[in-house]
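> Pasting in a structure now, in structure tokens, and then I'll have a few things to ask.
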Amino acid sequence: LAMAPDDTIAAICLFTFQASQGPRLQWDRQQLICSWAPILFGRWWRRFLDWVATRVGTDFRPWIPFEHVSNTWVAQNKDSQAVWQHRFFVEHALTTITLTIGRHSSAGVMARNHFEAGVHYATKRVV
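Sequential numbering of the sequence shown, starting at 4, is according to this note's numbering.
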């Protein structure tokens, strides 16, 4: 996979809900980073950490300018790395890529997730 000339591909996602009608094996590009199993490329990871460091402890809230579940979390004062990464990706016009295999997404192929009891879920659930 060749990098975009503008270098806006900043991460790869090992888990996604998106499905494709395309070829058997393909890379899909999307605007927001996934909230499960994202891998930010080193340079962008460092920039993300620096960006967060300038905002933590201020009244900054990581809203994104369109309807998305992460805005619900921000409104409920539920903090997660995902909401910060979503805002960072929007501010910097970044994209992420994910592998789609056949007509099914990579969900469960390269990564598995589970919901631990905590801020977002009352009981543990397995996906």
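Each residue gets a CB set at the ideal place from its N, CA and C atoms; glycine is no exception. Since the structure is predicted, the reported quantities are computational estimates derived from the model, not experimental observations.
1. Anyone know if the C-beta pair for Asp31 and Leu97 falls short of 9 Å?
2. Can you look up Gly58 in the DSSP assignment and give me helix, strand or coil?
3. Between the Cα of Trp76 and those of Phe69, Pro68, Trp48 and Val86, spot the shortest distance and give me the residue it belongs to.
4. In whole angstroms, what is the alpha-carbon distance linking Phe92 and Lys81?
5. So, for Thr11: in the same chain, excluding its five sequence neighbours on each side, which residues have a beta-carbon less than 7 Å away from its beta-carbon?
6. Measuring alpha carbon to alpha carbon, tell me which residue in Asp53, Gln34 and Arg49 is nearest His89.
7. Give the single residue among Val59, Pro65, Ser73 and His71 whose Cα lies nearest to the Cα of Glu94.
8. Which of helix, strand or coil does DSSP assign to Asp82?
A quick look at the data gives this:
1. no
2. According to the sequence shown, residue 58 is Arg rather than Gly. Coil.
3. Val86
4. Whole-angstrom Cα-Cα distance: 19 Å.
5. A distance below 7 Å between beta-carbons, with the five flanking residues on each side excluded, links Thr11 to the following residues of its chain, in chain order: Ala96, Leu97 and Thr98.
6. Between His89 and the set Asp53, Gln34 and Arg49, the nearest pair of CA atoms involves Gln34.
7. Among Val59, Pro65, Ser73 and His71, the Cα nearest to that of Glu94 is on Pro65.
8. coil
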